[in-house]
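See below for the structure under consideration.
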Amino acid sequence: MTRSPQLSLALATALSCIAAAQAPARCEPAALELRSGAPVTTATQWREQRRPELLELFREHMYGRSPAPTAIRIEAREEGEALGGAATRKQWRVRYADAPAATIEVVAYLPRHAAGPTPVFLAWNFDGNHTITADPEVRVASCWVRDDARRGVEGNRANEASRGYKARRWPVEVILQRGYGLVTACYGDIDPDFHDGFENGVHGVLDPVAEERPDDAWGAISAWAWGMSRILDSLALDRDFDAQRVALLGHSRLGKTALWAGAQDERFWIVISNDSGCGGAAYSRRARGETVAVINKNFPHWFCRNFHGYADRERDLPIDQHLLIALCAPRPVYVASAKQDAWADPAGEFLSVLGADPVYRLLCQDGLPTRSMPGVDEPAHGRIGYHVRSGKHDLLLVDWRHYLDFADRHLGHRPR
Ligand code: GTR
Numbered sequence: 000m001t002r003s004p005q006l007s008l009a010l011a012t013a014l015s016c017i018a019a020a021q022a023p024a025r026c027e028p029a030a031l032e033l034r035s036g037a038p039v040t041t042a043t044q045w046r047e048q049r050r051p052e053l054l055e056l057f058r059e060h061m062y063g064r065s066p067a068p069t070a071i072r073i074e075a076r077e078e079g080e081a082l083g084g085a086a087t088r089k090q091w092r093v094r095y096a097d098a099p100a101a102t103i104e105v106v107a108y109l110p111r112h113a114a115g116p117t118p119v120f121l122a123w124n125f126d127g128n129h130t131i132t133a134d135p136e137v138r139v140a141s142c143w144v145r146d147d148a149r150r151g152v153e154g155n156r157a158n159e160a161s162r163g164y165k166a167r168r169w170p171v172e173v174i175l176q177r178g179y180g181l182v183t184a185c186y187g188d189i190d191p192d193f194h195d196g197f198e199n200g201v202h203g204v205l206d207p208v209a210e211e212r213p214d215d216a217w218g219a220i221s222a223w224a225w226g227m228s229r230i231l232d233s234l235a236l237d238r239d240f241d242a243q244r245v246a247l248l249g250h251s252r253l254g255k256t257a258l259w260a261g262a263q264d265e266r267f268w269i270v271i272s273n274d275s276g277c278g279g280a281a282y283s284r285r286a287r288g289e290t291v292a293v294i295n296k297n298f299p300h301w302f303c304r305n306f307h308g309y310a311d312r313e314r315d316l317p318i319d320q321h322l323l324i325a326l327c328a329p330r331p332v333y334v335a336s337a338k339q340d341a342w343a344d345p346a347g348e349f350l351s352v353l354g355a356d357p358v359y360r361l362l363c364q365d366g367l368p369t370r371s372m373p374g375v376d377e378p379a380h381g382r383i384g385y386h387v388r389s390g391k392h393d394l395l396l397v398d399w400r401h402y403l404d405f406a407d408r409h410l411g412h413r414p415r
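For the sequence shown, numbering that gives the first Met the number 0 gives the first residue as 0, with consecutive numbering after it.
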């Protein structure tokens with residue numbers, strides 16, 4: 000059988016896509032090219048033209064437009080010694096509007112004898128602050144949480160029985176021993192994670208009433224990202240925290256959130272996406288594992304309505320996820336995958352960090368120190384970090400150790 004040249008070309012392109020992680024094709028759209036087609040050759044052009052253009056495109060076509068920051072107020076709740084004297088625990092409430100529901104309950108652990116303001120990791124948790132540690136002083140979450148029959152969590156209300164049951168994802172002692180603090184709050188506090196027509200959570204508080212919801216109105220990921228910035232506002236008011244060294248971290252849907260929050264808010268020092276997959280670090284045009292069609296069908300509240308129009312039309316998107324990572328430049332950014340997490344498409348996540356690399360090279364002459372996908376459990380750390388861990392979709396101590404090493408490496412770096 001003879002093949003036409005067109006067919007051979009199509010076949011070659013398809014094969015090169017399959018092998019993308021080893022020999023990547025150029026990610027589309029090109030990072031260093033304006034929508035007009037003009038090349039971006041200087042850092043000033045990136046900052047003044049391409050970066051604002053991309054932020055607008057992500058807002059309009061994917062995550063939706065968030066409201067401007069609101070002024071926050073802090074209500075201290077508790078402070079005490081914790082973890083056998085190794086830590087200071089602080090709990091406070093961030094109030095971001097007058098409505099009674101407009102609050103976020105935050106807990107932080109800091110090394111007890113820190114010499115000055117402490118750099119911290121900031122992350123949403125899924126199930127309530129009291130689930131990250133067995134510490135009995137942490138308040139049981141009063142916000143919406145996911146049901147969990149095994150823990151007797153029903154009706155989306157947390158209880159004492161779930162205290163500490165997610166502790167394996169939060170190695171507080173290790174983080175403190177390495178000289179960092181941990182700050183966390185429950186994502187359900189800012190926006191419950193189910194499709195309710197955007198009536199509860201921060202949407203219910205801040206969205207204009209009695210108006211048709213625009214197609215580019217913010218979804219839940221934008222809401223969670225907006226909330227991360229309000230927690231950062233609160234850290235900036237407390238001298239125990241080094242607000243210029245806040246490493247934002249998120250796992251899975253909250254990894255998507257971390258990237259979007261870090262892309263928009265340049266005060267974040269480091270941005271870390273753990274197993275974030277589709278709508279996070281994974282290159283959408285590969286359409287492996289979870290696709291744009293599937294994610295919008297299963298989670299209609301995560302993105303803006305415009306994004307639903309790209310189901311099975313990834314190639315028509317004016318953006319892709321390498322550009323989201325590039326929006327963190329020149330700040331240190333980290334993407335991690337797990338070998339068995341095919342749903343999140345590890346090769347697609349790696350492709351996106353490669354696609355962001357030219358922007359880092361332009362802005363700081365540093366980026367990802369490899370062109371091919373690193374071996375399992377062999378992290379590659381430059382201004383961009385990447386690792387693929389053995390095992391499943393999860394956030395484990397070994398991931399944290401890589402993040403701590405990465406943070407150490409960039410201690411000298413401060414955001415603008
Ligand atoms: C899955 C979803 C993924 C990922 C994950 C999670 O069901 O398909 O996009 O976000 O949930 O957040 O745990």
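Quick reminder that beta carbons are idealized off the backbone N, C-alpha and C, glycines included.
Source: prediction; values computed, not measured.
With Trp-123 as the anchor, note down where its beta strand (DSSP E) starts and where it stops. 117 to 124
Mind checking whether the beta-carbon of Ser-251 lies closer than 7 Å to any heavy atom of the ligand GTR? yes
Looking at the strands, I want to know which residues DSSP matches up with Asp-147. Val-152
Quick one: using the 10 Å Cβ neighbour count with 16 as the cut-off for buried, is Leu-396 buried or exposed? So Leu-396 ends up on the exposed side.
DSSP puts Thr-102 in a beta bridge; with which residues? Arg-94
Meets three-Cβ-pair contact criterion under 8 Å: the stretch 332 to 340 and the stretch 298 to 318: Taking one beta carbon from each stretch, the stretch 332 to 340 and the stretch 298 to 318 have fewer than 3 pairs nearer than 8 Å; the two do not touch.
For the ligand GTR, is there a heavy atom less than 7 Å away from the beta-carbon of Cys-277? Yes, the ligand GTR has a heavy atom inside 7 Å of this Cβ.
Considering only the alpha carbon of each residue, which of Arg-46, Gly-84, Arg-415 lies closest to Leu-361? Arg-46
In this structure, how does DSSP classify Leu-56 when only helix, strand and coil are distinguished? helix
Is the beta carbon of Cys-303 closer than 8 Å to that of Ala-219? no
Is the closest heavy atom of the ligand NAP to the C-beta of Glu-348 under 7 Å? Ligands in the displayed structure: the ligand GTR; the ligand NAP is not one of them.
Does DSSP classify Ile-269 as helix, strand or coil? strand
For Asp-134 and Arg-150, what's the separation of their Cα atoms in angstroms? If you take the alpha carbons of Asp-134 and Arg-150, they lie about 17 Å apart.
Is it buried or exposed, Arg-94, if we count other Cβ atoms within 10 angstroms and call 16 or more buried? buried
Would you call the CB atoms of Ser-272 and Tyr-333 closer than 8 Å? yes
Rounded straight-line distance, which links the Cα of His-60 to that of Gln-320: In this structure, the alpha-carbon of Gln-320 lies about 12 Å from that of His-60.
Assigned exposure category for Arg-314 - 16 Cβ within 10 Å defines buried: exposed
8 Å Cβ cutoff met for Val-182 and Ile-230: With contacts defined as CB atoms closer than 8 Å, Val-182 and Ile-230 qualify as a contacting pair.
Asn-199 CB to nearest heavy atom of the ligand GTR below 7 Å: no
In whole angstroms, give me the CA-to-CA distance for Ala-222 and Gly-200. Distance between the alpha carbons of Ala-222 and Gly-200: 9 Å.
Secondary structure, alpha helix (DSSP H): runs of 4+ residues fully inside the stretch 242 to 325: 252 to 263, 291 to 297, 304 to 307, 320 to 325
If Pro-317 sits next to Pro-66, beta carbons under 8 Å apart, how far is it from one beta carbon to the other, in whole angstroms? 23 Å between Cβ atoms; not a contact.
From this set, Val-119, Ile-174, Ser-251, which residue's C-alpha is nearest Trp-342's C-alpha? Ranked by Cα distance from Trp-342, the options Val-119, Ile-174, Ser-251 are led by Ser-251.
Per the contact definition of three or more C-beta pairs closer than 8 Å, is the stretch 102 to 117 in contact with the stretch 135 to 148? yes
Pairwise C-alpha distance: Leu-82 and Leu-284: Note that residue 284 is Arg in the sequence shown here, rather than Leu. Each residue's Cα considered, the two are about 46 Å apart.
Does the ligand GTR have a heavy atom nearer than 7 Å to the CB of Ile-294? Distances from the CB of Ile-294 to the heavy atoms of the ligand GTR include at least one below 7 Å.
Taking the C-alpha atoms as reference points, what is the distance between Glu-210 and Ala-379? 48 Å
Please report the residue range of the alpha helix (DSSP H) in which Val-39 lies. No alpha helix (DSSP H) contains Val-39, which DSSP labels as neither H nor E.
Step through the CB atoms of chain C and report whether any lies within less than 8 Å of the CB of Arg-50. Of the protein chains in this structure there is only one, and it is not chain C.
Taking 7 Å as the cut-off, is the CB of Glu-289 close to at least one heavy atom of the ligand GTR? yes
Check this for me: beta carbons of Gly-127 and Val-144, under 8 Å apart or not? yes
Whole-number beta carbon distance between Asn-124 and Lys-165, since they are thought to touch under 8 Å: 7 Å
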